[in-house]
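Report on the structure given below.
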Amino acid sequence: MPKPLICPPELLSRDLVGTTYVVTGGNSGIGLVTVEQLAKQGARVVLAARRPAEGERARAAIVGRGVRGAIEVAELNLASLNSVRAFASKLLSVHDAVHGLVNNAGVMNTPRGTTADGFETQFATNHLGHYLLTELLLPALRRGAPARIVNVSSCYHDKAQGREGRIDFDDLHFERRAYDGWEAYAQSKLANVLHARQLARRLEGVAITTASVHPGWVRTNLIRHSIPTWVQDYVLRPALRLGGMIEPWEGAQTTLYALLAPELESGAYYSQVGFYREKAATKGGWPLRSPNPHAHDDAAAERLDRVSRELVGLA
Ligand SMILES: NC(=O)c1ccc[n+]([C@@H]2O[C@H](COP(=O)([O-])OP(=O)(O)OC[C@H]3O[C@@H](n4cnc5c(N)ncnc54)[C@H](OP(=O)(O)O)[C@@H]3O)[C@@H](O)[C@H]2O)c1
């Protein structure tokens, strides 16, 4: 595998005092490193966690290592529209302006499941929850402009274990087709890419820049529905590293670049090294043209926006 892409050091020493960032899934993996780096640079970071006790544990660990900024933990279950609304209303009652939103939390290859709102688990958690959160935080992001919205997608939006990423508008929740955990993941990660693309079009003329990113193949807890995390972390770790798996601090580089680079092509896709159908894309790129033709389909992006708005009850 090619070497991982690393942020220029000047971005990681930029002074962020006076700014507020929101990071979903901030208690673990890529999200945790993102929270820590932003706080190191002096930002106030809202660490959104499905399990607040885990969020507090992460906060204590980061603070123990020493940061200049502040970290607030708040409960957010993206698989529940009520939880997203409660999180947003609490956040807006405390923070007037938000300078960056990182839609990072996610699940991968889960068993078939339906949320309390009646949506397929991966589409709900990875896309619909973040869609509603973004809409509810837009006023604060406008007040924080210039601001950034970063969707953590995956190279699996292209192909996930052989399944091409595509949005099945006739069966978003796998009610008529056989459920496949990788197909559902690929659909949800393509939705992350199209969401960032469509937001950029909607926000033209507003100083809010959007991006979707692939963080790399990263040693985190994401694998847990496919193999036990301890097998990845201990038994297979050296072999997986040779195969291209990277550490969380390397996995956070693309998100941090998309948040902190002074110039960004809004709506574009930024990729760490990854697995793609086209070999040339393997080395990644900031930005990278996705090899998946569906990722460039503006009509699908616009339709996804409309359908998502209806599903989350904003239409
Ligand atoms: N690791 C990789 O190789 C890789 C590759 C490509 C893309 N990604 C993407 O990177 C992002 C971060 O994942 P990671 O690799 O850092 O994995 P991770 O360590 O498992 O972190 C995922 C985070 O999402 C949270 N989460 C899961 N379900 C949630 C829900 N319903 N509501 C709110 N938060 C929820 C988790 O909370 P809990 O701790 O409570 O479960 C955790 O904080 C994901 O979007 C993933 O798709 C990762």
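Residue numbering for the sequence shown follows the numbering used here, starting at 409 and increasing by one per position.
Every residue, glycine too, gets a C-beta built ideally from N, C-alpha and C.
No experiment lies behind these values; they were computed from the predicted model shown.
Using the C-alpha atoms, what's the distance from residue j back to residue i?
| i | j | result |
| --- | --- | --- |
| Gly-514 | Thr-522 | 15 Å |
| Arg-605 | Leu-644 | 36 Å |
| Arg-459 | Ser-488 | 13 Å |
| Leu-549 | Glu-462 | 27 Å |
| Gly-439 | Glu-572 | 26 Å |
| Met-653 | Gly-624 | 8 Å |
| Thr-529 | Tyr-593 | 10 Å |
| Ala-669 | Val-639 | 36 Å |
| Lys-448 | Leu-712 | 36 Å |
| Glu-583 | Tyr-684 | 28 Å |
| Pro-412 | Gly-693 | 10 Å |
| Val-430 | Glu-710 | 25 Å |
| Pro-699 | Val-454 | 34 Å |
| Pro-636 | Ser-436 | 16 Å |
| Pro-547 | His-581 | 30 Å |
| Ala-707 | Val-441 | 35 Å |
| Leu-500 | Lys-567 | 37 Å |
What distance in whole Å lies between the Cβ atoms of residue j and residue i, which are believed to be in contact at a cut-off of 8 Å?
| i | j | result |
| --- | --- | --- |
| Val-626 | Ser-561 | The Cβ separation is near 13 Å, so there is no contact. |
| Val-510 | Leu-667 | 7 Å |
| Ala-451 | Gly-477 | 5 Å |
| Tyr-539 | Ser-716 | 4 Å |
| Leu-696 | Ala-689 | 6 Å |
| Ile-616 | Ala-599 | Wrong, their Cβ atoms sit about 19 Å apart, outside the cutoff. |
Please confirm whether any heavy atom of ligand 1 lies closer than 8 Å to the CB of residue i.
| i | result |
| --- | --- |
| Tyr-536 | Residue 536 is actually Leu in this sequence, not Tyr. Flag unset: Cβ of Leu-536 not near ligand 1. |
| Arg-458 | yes |
| Glu-591 | no |
| Met-409 | no |
| His-603 | no |
| Thr-617 | no |
| Ala-487 | yes |
| Cys-415 | no |
| Pro-519 | no |
| Leu-540 | no |
| Tyr-677 | no |
| Thr-432 | yes |
| Glu-462 | yes |
| Ala-594 | no |
| Pro-412 | no |
| Ser-501 | no |
| Arg-645 | no |
| Ala-513 | yes |
| Leu-446 | no |
On the three-state DSSP scale, how would you describe residue i?
| i | result |
| --- | --- |
| Tyr-587 | coil |
| Glu-543 | helix |
| Asn-490 | helix |
| Asn-517 | coil |
| Asn-435 | coil |
| Leu-440 | helix |
| Asn-389 | Absent from the structure is residue 389, since the part of the chain shown begins at 409 and ends at 723. |
| Ala-594 | helix |
| Arg-556 | strand |
| Tyr-665 | helix |
| Thr-523 | coil |
Using a C-beta cutoff of 9 Å, does residue i count as contacting chain D?
| i | result |
| --- | --- |
| Arg-574 | Absent here is chain D; the protein component of the structure consists of one chain. |
**Request:** Write down every uninterrupted run of the alpha helix (DSSP H) in the region 606-656 whose length is 4 residues or greater and which is fully enclosed by it, in chain order.
**Result:** Listed in chain order, they are 645-650.
**Asked** What beta strand (DSSP E) runs, 3 residues minimum, are completely inside the region 449-507?
**Response** Uninterrupted beta strand (DSSP E) stretches at least 3 residues long and entirely within the region 449-507 occur at 452-457 and 478-483, given in chain order.
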